Amino acid sequence: MRQTRPADRRNPGSGARGTLRPAPALLAVLLALAPAAAQTRQTLIFARGSDATSLDPYFAEEGESVKVVDCIYEPLVTFAEASTEIRPCLATRWEISDDKLTWTFHIREGVKFHDGTPLNADAVVFSLNRILDPKNEFRFGRVSAFGELYSDIASVEAADAMTVRVRTKSPSVVTLANLAMFPAAIVSPTAVRKHGVNFEQEPSGTGPFMLHKWQRHKRLALRANKDYWGGAPRLEQVIFTEVPDNAARRQQLEKGEIHLTDNLSPVDLTGLRGNANVVVDVIPGINFGYLGFNVRKPPMDDLRVRQAIAHAIDKPKILKLAYRELATTGPNPVPPSMWSYNDKVEDYAYDPVRARAMLKESGADLSAAIELWAMTAPRPYMPQPDEVAQVIKACLTEVGLNVTIVQKEWGTYLRETKNGQHHLFLMGWTSDNGDPDNFLDAILGRNSIGQLNLTWWDHPEYNRLIAAARVAFDQPERTRLYHEAQELIHRETPIMIVAYMPATAAYRRSVKGFVLHPMQIFRFEKVWIE
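Note that the numbering used here has the sequence shown beginning at 205, numbered continuously upward.
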């Protein structure tokens, strides 16, 4: 568990009876004479496809930011090392009232933020109120894509110096899981007040690592928090580098220039399997990649057009060319590895003849230009987005549509898809809390429109089903509601699932203690370089 403090994490090798240690003066001389490489051997280099966009947990909207945020900050509760089970973190324990409307959290004693200020109930209230209050001055006029996930919370208050009460508007089964997510991480109020809108570049949390230096699109360096409440990390530094090209990251890993990478193409993962110096981890993931329809923009506002496109796309071909059969596919925006997946829903069959007939019936102007937006950066659910886009364009051209691919850098892509200029877009989602609500409400819910819901689909019955599931503490009842929701999505087709991708990572065999999480949460407090 995160709260244990084994002796070897604070001082590796200490406590062994009879161990000889050099005197402090001699140790200083030995370190001065040691090669630089030996002195920095506890630096882990993580190459990823793109840079972070924000280190403020409330405004971290994509995985590359979250990887860093998870090292710097911590929430009240967290997920187990390799599962979605909820564990204590900055709260040592919690209770829920009989009416299931009040959660009481007991704050861990003796914890300090990176700026030296103490963790207490006031800091928790400050952090969570940034989420809850739309007029909170410490939002700096910005909107978080994840704010809607916390709309069930009515208030947060300090019961005493180290106790916090979270009250919900109605019983909500997802409250605890959402509080384990990165947007609910606890920030230093002092640092936020000091740095203002620049806090996202000057972060201060309670986590095992703190920001050292950030050179945008080049190098982001974290250094160990020696005063970490869970024991000082064995790594001295974690350095994130931006390397968009999959093949380049693979070559760097093979040469030993980096220690760890993720989101490699299936071809590169297969090629690494024969390397004795590299470990390739492939485990069931909790994600999906999808093709989204902007239902407010003609001709995507016509159900017949959306269904025709679903029939026109050769999904097996995408899996073969872009995923090399590593991924699977299906009809539902809930991964098959997650409870409540509806296996009774049948996917749209690949049928270009039927697609052409449906397009003709719709009366759509087939000569009009249709923009298919695609990211340039590899994502966990879509490691080769360009190849996916090319197959989709070829399939739609075959049935008579005039498709242009529009590609943008990842940060720009995230911003501009919110403007609704696209007809079609590629996107995906990796679960943040291990609950179906995190897929179904976040991606297609009414309150997420223009933030995470980039389809602008707003269906009253769907929203009713999702709202009912949030307050149903009986899992069979929640499953029934989610099954109905998936059937409705299939009928209305606001999105089309492209693939369910396993969680993957590749790292040097010298990296020890690393555990790949199914939600691709990267933690390094127990990692060291051998």
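A virtual CB, placed ideally from N, CA and C, is assigned to each residue, including glycine. Note that the coordinates shown come from a computational prediction; the quantities given were computed from them, not determined experimentally.
- Here V592 is near A526, since their CB atoms are less than 7 Å apart.
- By the Cβ rule, the stretch 585-599 counts as touching the stretch 619-638, because three or more pairs are nearer than 8 Å.
- DSSP places N467 in no alpha helix (DSSP H); its state is neither H nor E.
- Cβ neighbours of L383 within its own chain (closer than 7 Å, five residues either side excluded): P279, L280, V281.
- In the DSSP assignment, T601 falls outside any beta strand (DSSP E) and within the unbroken alpha helix (DSSP H) covering 589-602.
- Residue burial is scored here from C-beta neighbours: D505 has fewer than 16 other C-beta atoms within 10 angstroms and is therefore classed as exposed.
- Here the alpha carbons of E461 and M579 stand approximately 27 Å from one another.
- Taking N637 as reference, the option from V377, E361, F342, S269 with the minimal CA-CA separation is V377.
- In the same chain as S541, and ignoring 5 residues on each side of it, the C-beta atoms closer than 8 Å to its own belong to P488, G489, I490, Y704, P722, in chain order.
- Contact between K612 and Q655 fails: their C-beta atoms lie close to 18 Å from each other, not under 8 Å.
- For a cut-off of 8 Å, the C-beta gap from V675 to S374 is around 5 Å, short enough to register as a contact.
- Approximately 30 Å separates the beta-carbon atoms of M366 and N402; this is outside 8 Å, ruling out the contact.
- Rounded to the nearest angstrom, the gap between the Cα atoms of W543 and P640 is 8 Å.
- Beta-bridge analysis with DSSP links N333 to no other residue.
- Annotated as proximal: F317 and T410, with beta-carbon spacing under 7 Å.
- By the C-beta density criterion, R420 is exposed, having fewer than 16 other C-beta atoms within 10 angstroms.
- Between the beta-carbon of F309 and that of V370 there is about 7 Å, and that keeps the pair under the 8 Å contact cut.
- Under DSSP, no beta-bridge partner is assigned to A381.
- The criterion of a C-beta distance shorter than 7 Å is not satisfied by S714 and I699.
- DSSP, read as helix, strand or coil, puts A264 in coil.
- By the Cβ rule, the stretch 681-696 does not count as touching the stretch 463-475, because fewer than three pairs are nearer than 8 Å.
- Annotation for S566: the continuous alpha helix (DSSP H) segment containing it runs 556-566.
- Take the alpha-carbon of G649 and the one of H627: they are about 19 Å apart.
- Taking a 10 Å sphere around the C-beta of G345, we find fewer than 16 other C-beta atoms and assign the residue as exposed.
- Straight-line measurement puts the Cα of V607 at about 7 Å from the Cα of T601.
- Going by C-alpha positions, V603 is about 12 Å away from Y554.
- Pairing V272 with L259 gives a Cβ-Cβ distance under 7 Å.
- The beta carbon of I249 is closer than 6 Å to those of I443, I462, H463 in its chain, skipping five residues each way along the sequence.
- Counting only the Cα atoms, R508 lies some 7 Å from L563.
- Per DSSP, the unbroken alpha helix (DSSP H) holding H515 starts and ends at 507-516.
- The beta-bridge partner set that DSSP reports for V715 consists of I733.
- Where G314 is concerned, there is no enclosing beta strand (DSSP E), because DSSP gives it neither an H nor an E.
- Between N498 and the set L439, S254, I725, T697, the nearest pair of CA atoms involves T697.
- Within the same chain, V368, I390 come within 6 Å of V328 by CB-CB distance, once the 5 residues on both sides are set aside.
- Taking 7 Å as the cut-off, the beta carbon of A646 is found no closer than this to the beta carbon of G253.
- Ranking L720, R712, K716, N651 by CA distance to the CA of R453 puts R712 first.
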